[in-house]
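Quick note on my numbering: the sequence shown kicks off at 4 and runs consecutively. Glycine included, each C-beta is placed from N, C-alpha and C at the ideal position.
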Amino acid sequence: MNTEAQEMERIFERPRALRSATTHYCPGCGHGITHRLVAEVIDELGIRETIVGVAPVGCSVLMYNYFDIDMFEASHGRAPAIATGFKRARPDLPVFTYQGDGDLAAIGIAETIHAAARGEKFTTIFINNATYGMTGGQMAPTTLVGQKTATSPTGRNCETAGYPIKVCEMLATLDAPSYIARVSVSSAKHVLKAKQAISKAFQLQLKGFPYTFVEVLSPCPTDWHMTPQEAVEWLEENMFPQYPLGEVKAPKEGV
Numbered sequence: 004m005n006t007e008a009q010e011m012e013r014i015f016e017r018p019r020a021l022r023s024a025t026t027h028y029c030p031g032c033g034h035g036i037t038h039r040l041v042a043e044v045i046d047e048l049g050i051r052e053t054i055v056g057v058a059p060v061g062c063s064v065l066m067y068n069y070f071d072i073d074m075f076e077a078s079h080g081r082a083p084a085i086a087t088g089f090k091r092a093r094p095d096l097p098v099f100t101y102q103g104d105g106d107l108a109a110i111g112i113a114e115t116i117h118a119a120a121r122g123e124k125f126t127t128i129f130i131n132n133a134t135y136g137m138t139g140g141q142m143a144p145t146t147l148v149g150q151k152t153a154t155s156p157t158g159r160n161c162e163t164a165g166y167p168i169k170v171c172e173m174l175a176t177l178d179a180p181s182y183i184a185r186v187s188v189s190s191a192k193h194v195l196k197a198k199q200a201i202s203k204a205f206q207l208q209l210k211g212f213p214y215t216f217v218e219v220l221s222p223c224p225t226d227w228h229m230t231p232q233e234a235v236e237w238l239e240e241n242m243f244p245q246y247p248l249g250e251v252k253a254p255k256e257g258v
């Protein structure tokens, strides 16, 4: 090894909160990026030894294999109930759920709304890729009007299937939640903003603020039947207008 190589400074490495493991996620999927952002925030806040995560049912059902932290596995849609019970038993420990749009916005929507309404003091990371990813790309509550899926081959019809649910805006009508934001992992600049929002949500929880929530718009090339580049472009052209990015609700004081 030459001297120059020996003296090179390592400036990018795997977060300690992530294990050295090959993931099962498809090429171009946003889960891997979001996992890394959550792990980086955990490392930077120095809470790897104390934080507890709750895995959902869905594409990220195996996330406990990738995070080097204590984790629960919840039944489909019940991650907020698990997080509520643990946080109330151990209010001194930071807790988060990580859920997709099928898990959170469909079968788990009641759990989500009532945990938020009660102001439970945990954080939710919500992945919105407008489809049921793990089970083959069926229509989800977040599927766009006109979007084709396995169960809406001619496109979502709002007359029969209703309109997409804007989870952030819905939760923001409740009094108790302290922080609600929507971000994206579709480009480098959006990834940086996503990390800032995730960090803010965790920091507010650590300061005792009630329910914090970050929605992450994520591409799903496989179920959208697109290349990764096409999926990123489709997300920004179609999902951004339906799901505007930014802080929907934030405390006047805090981070």
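Inset, instruction - With DSSP collapsed to three states, give me the class of Ser190. - result: Three-state DSSP puts Ser190 in coil, outside helix and strand.
Inset, instruction - Take Arg22 as the anchor and find which of Phe70, Val60, Gly61 has the nearest alpha-carbon. - result: That would be Phe70, whose Cα lies nearest to the Cα of Arg22.
Legend entry - Straight-line Cα distance separating Leu248 from Gly31: 20 angstroms
Legend entry - Sufficient close CB pairs (3 or more, under 8 angstroms) joining the region 174-190 to the region 141-156: no
Inset, instruction - Just list the alpha helix (DSSP H) runs in the region 29-82, keeping only unbroken ones of 4 residues or longer that don't cross its boundaries, in chain order. - result: 34-48
Inset, instruction - With a 10 Å radius around its C-beta and 16 neighbouring C-beta atoms as the bar for buried, classify Ile130 as buried or exposed. - result: buried
Inset, instruction - Inspect the CB distances between the region 92-104 and the region 60-79 and report whether three or more fall short of 8 angstroms. - result: yes
Legend entry - Extent of the continuous beta strand (DSSP E) to which Thr127 belongs: According to the DSSP assignment, Thr127 belongs to the beta strand (DSSP E) that extends over 126-131.
Legend entry - Host beta strand (DSSP E) of Glu250 (start-end): 249-252
Inset, instruction - Please go through the same chain and pick out, in chain order, the residues whose beta-carbon is closer than 7 angstroms to the beta-carbon of Val251, but skip the five residues on each side of it. - result: Cys171, Glu172, Ala175, Ile183, Ala184, Arg185
Legend entry - Cβ-based burial, Asn132 [other Cβ within 10 Å; buried from 16]: buried
Legend entry - Endpoints, the alpha helix (DSSP H) within which Thr270 is located: Nothing can be reported for residue 270: it is not among the residues displayed for the chain, which extend from 4 to 258.
Inset, instruction - Taking Asp226 and Gly140 to be in contact with their CB atoms under 8 angstroms, please state how far apart those CB atoms are, rounded to whole angstroms. - result: 3 angstroms
Inset, instruction - From the DSSP output, in three-state form, read off Gly103 for me. - result: strand
Legend entry - Segment contact flag, the region 48-61 with the region 78-96, C-beta cutoff 8 angstroms, min 3 pairs: yes
Inset, instruction - Would you mind working out which of Pro180, Ala253, Leu238 sits nearest Thr145, comparing C-alpha positions? - result: Leu238
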